[in-house]
Every structure is written in structure tokens, then in C-alpha cells.
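Chemist: Take a look at the following structure, please.
Residue numbers (the working numbering): 6 to 430.
What follows is the structure in C-alpha cells.
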């Protein structure tokens, strides 16, 4: 593991903190979060950086909401008119990936900027480890924190892990009215968004809240008015559920955009993970196969821009990125210096920084593939260890990306097994 750590430690942004107590924690860095205060800011920073009070932060994780079914990402199925409409008011990332393939992977990556462990579940096996994640950091800066779910939070250790990392309020299926409508695995997404709206209306500001929907999960049940009547195969029901979730998302955004607190809120709309359902088109090659099954949407809305009717013209960001970038980006928006064991980078970095060290997206579906993706070079490995490389930079880059991906897998496993993320509090 030490050899693997040596290969990736220089990829972690920030300065190694001074003092003996940090020597055992190899991922910890001091991050200055200065991309909002630079004189020359990136396109994204110009859209998102706040000039006055600390913004509310809202992360919406849509269950298995894959980019392949979304219109602005190229789908012709017409399933997501609401997401497509709102994308014209915000910033879209068209090369954004889920770090893993299950909800638990997405939660750890999003809230803790930590690559998932593709063995024992982090939220269960390592629940006694020490973490320093986004909710706790924001609490330390005076934020109220809440997490809203449409099913049982005991699933996969969520009810233990999420409070541990800083969520003060956990709202799950037991907090809804008995009359609340259910679909499949839990509360209908319409009910979840209504509950989330109520929570936010009554939350002290600034707040950090996140919600995880459930309807777009097998068995993909939807109300009759959202059935598309295109077939009874699982893929047909999946598309109906995507369409329903999109409709409920649109209604929710329409409602909250009229709230007094929305003007000072930054909303991140993405997915917990992707889906392995068949895509609408066949893959031309292995690279497209991975993209169709792992890419997820990312839409960032600045309430300040939306509220004055300007939006920001549907800005599109092309650099590859993944869920581990979300927490560093949020702290960059706040322009707060922090000390954290995070592996991701801020999406607000200016282009000159990206030219020195390009953003990379990391994704993994054990038993199928893993990948390391840069804008001009991409490495993929199949389950049978067949390599695929796309790029113009030759064998040296191919070997570098392969080595980096394998080294991160080993490093994360070792750090979790030895509880070396963060010192005991």
C-alpha cells in the first residue's frame, strides 16, 4: 500500500499540515479554497461565487438517474423535459461520472470526497472509523444540516453513518403521514419533495440539506398518468420511472424558486449512481459502453441568478469530473480554508490550473470495468483485464492512468482498513 500511496499522494490538492499528529493520516491536506477570490476566475466561479452572506446548499441525489436518458445529454426519448428546461437556467457538466455503482458508493463519494471501497461497505464495515465529511465541516461553519429520504434509513447503515458525519436531522419513511403515497421501495418522489420543501421552509439559515429519491429503483412503479405504455420490459418501466422523477423534480424546483430562501441557495442536481439498464442505443465501442452506463447528470443552479430571471444561459462545462469533486467545490464557493482528508478537486479551478493537472473522473463497477478519464486521454479496464485506451498522448499516458487507477483502489482499501482517514475526535 505504501508504494500505491506514493503514486497518488501528489494528486491530492492542498498542503500537508504541520505537526506530528498528522503523520499517520496520508490523505489530509490544508485547502485554501481561493478560487472565488482570484482576480481571474473560471467560468463556473463567475456563476457560483457568492459576494455577501453564506449560501444555503442543497444536494438532490436522484436514484439511478442516468445521463443516457436525459435530453440535454443526447437522449431522444423525451423523458426529461423538466431537467432539460432547468438546465438552461444553470451550469451543466456533460462529462460527469458516478464513482461507483450502488447508493452507498454515491453517498460516501458525494459527502466525504472519498473514493468508494469496492469490498466491504464503508457505511457498515467501517462505521466506527474516523471521518471528516462535508456535513460536519459545514456544521462547524454554522450550518443546519438535514438529510431527507423516501425509504428506511436503516438500509445499508445510513441511519448510523449519516449522523456520524454531521447530519443532525435524518428524515425517512417513518416521518411521513400514514396517508403518504408509496411506490415500489418507498415513498413516492412527489411525497419526498413535499417533505423536503417543508423541512427547508422551517430550517434555520444557512442550511445544508440533501435528499435521496427512491421511485427510480426496481420495481419502477409509477402512477398511471406517468406510464408511457411502450412495453412491460424492465427497461420500459425504468424509463417510466425516470420520466416520473423528472416531473416531480420540475414541480419541486418550480415551487422552491418562489421561496424567500431560494435567492441565497445553490442547488446541485445529480444522481446517487447510474444504472445498468440497456441504453436506447447500442455502444459503438467499450468507451461508449462505460459512458452510457456510468455517466450521470450534474446541474448546478444558483438561486440568485434564477431569481432575477437571468439564469446563466445554460453554461456547459466539458472537463471530466466525478462525485468526489462536489464537497471541495462547495467549500470553494464558501471561500473557507479547511483541513480535510478529501481526494476530489474543486470544479471552480481556473483553466490554467487544469492545464497543469487535468481533472480526472474515476469510475468503477467491480466485475465489469473501471476507468480513469481525462479530457484528452481515457483508460478503461474490463473485468477480464483487457485494456482500452483512447487518446493522443501515447503509451506513457496509458500506463500512467492505469497505474493511478490501480493505486487509488489499493490506497483507499488500506486507509479504511487501518482507520487512517482522520484522527480520533
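Even glycine gets a Cβ: it sits at the ideal position worked out from N, Cα and C.
What three-state label does DSSP hand residue 10 in the structure shown?
Modeler: Three-state DSSP puts residue 10 in a helix.
Chemist: Inspect the beta-carbon positions of residue 35 and residue 344 and report whether they are closer than 7 Å.
Modeler: Yes. Within cutoff.
Chemist: Is it true that the region 138-158 meets the region 94-101, where meeting means three or more beta-carbon pairs spaced less than 8 Å apart?
Modeler: They do not touch, by the three-pair rule.
Chemist: When the Cα of residue 202 is compared with those of 261, 375, 386, 59, which residue comes out closest?
Modeler: Closest by alpha carbon: 261.
Chemist: Name the residue from 380, 340, 180 whose alpha carbon lies nearest to the alpha carbon of residue 158.
Modeler: Considering only alpha carbons, the answer is 180.
Chemist: According to DSSP, which residues form a beta bridge with residue 344?
Modeler: Bridge partners of residue 344: 35.
Chemist: Please confirm whether residue 326 and residue 38 have their CB atoms less than 7 Å apart.
Modeler: No, Cβ-Cβ distance for residue 326 and residue 38 is not below 7 Å.
Chemist: How many Å lie between residue 314 and residue 207 at the Cα?
Modeler: Interpretation of residue 314 is limited by its pLDDT of 46, a score under 50 that renders its predicted location unreliable; the figure taken from the coordinates is listed afterwards. Roughly 25 Å separates the two Cα atoms.
Chemist: So the candidates are 62, 59, 401, 235; which of them puts its Cα closest to the Cα of residue 82?
Modeler: When each option's Cα is compared against that of residue 82, the closest is 235.
Chemist: Which residue from 13, 26, 22, 18 puts its Cα closest to that of residue 428?
Modeler: With distances taken between Cα atoms, residue 428 lies closest to 26.
Chemist: Using the C-alpha atoms, what's the distance from residue 301 back to residue 72?
Modeler: So the alpha carbons of these two residues sit roughly 4 Å apart.
Chemist: Report the start-end ranges of each alpha helix (DSSP H) in the region 44-86 that is 4 residues or longer and not cut off at the edges.
Modeler: Fully enclosed alpha helix (DSSP H) runs of 4 or longer: 48-53.
Chemist: In angstroms, rounded to a whole number, what distance separates the CA positions of residue 295 and residue 53?
Modeler: Roughly 30 Å between the two C-alpha positions.
Chemist: Take the Cβ of residue 308 as the centre, count every other Cβ of all protein chains shown within 10 Å, and call the residue buried at 16 or more, exposed below.
Modeler: Per the 10 Å Cβ criterion, buried.
Chemist: Could you tell me whether the region 187-203 touches the region 150-169, where touching means 3 or more Cβ pairs closer than 8 Å?
Modeler: The region 187-203 vs the region 150-169: in contact.
Chemist: Suppose the cutoff is 6 Å on Cβ atoms and the five residues either side in sequence are ignored; what does the same chain contact list for residue 242 look like?
Modeler: Excluding positions up to five away in sequence, the list reads 225.
Chemist: If you scan the region 133-194 from start to end, which runs of the beta strand (DSSP E) of 3 or more residues do you find wholly inside it?
Modeler: You should have 149-154, 174-176.
Chemist: Looking at the strands, I want to know which residues DSSP matches up with residue 369.
Modeler: In DSSP, residue 369 forms a bridge with 375.
Chemist: Please state the DSSP three-state secondary structure of residue 242.
Modeler: Here residue 242 sits in helix by DSSP.
Chemist: Looking only at its own chain, which residues have a Cβ that is under 6 Å from the Cβ of residue 443, when we skip the five neighbours before and after it?
Modeler: In this structure the chain extends from 6 to 430, so residue 443 is not present and cannot be described.
Chemist: DSSP three-state label for residue 301, please.
Modeler: Looking at residue 301 - three-state DSSP - the assignment turns out to be coil, as it is neither helix nor strand.
Chemist: Alpha carbon to alpha carbon, how far is residue 126 from residue 44?
Modeler: Their Cα atoms are separated by approximately 43 Å.
Chemist: Nearest CA to the CA of residue 100: which residue from 401, 402, 14, 292?
Modeler: Ranking 401, 402, 14, 292 by Cα distance to residue 100 puts 292 first.
Chemist: State the start and end residues of the unbroken alpha helix (DSSP H) segment that holds residue 409.
Modeler: Where residue 409 is concerned, the enclosing alpha helix (DSSP H) stretches over 399-422.
Chemist: How many Å lie between residue 244 and residue 258 at the Cα?
Modeler: In a straight line, the C-alpha of residue 244 is about 21 Å away from that of residue 258.
Chemist: By Cβ distance below 7 Å, which residues in the same chain neighbour residue 17 in space, the five residues on each side in sequence not counted?
Modeler: If we look at residue 17 and ignore the five residues flanking it on each side, its Cβ neighbours are 32, 34, 348.
Chemist: Under three-state DSSP, which class holds residue 215?
Modeler: Strand.
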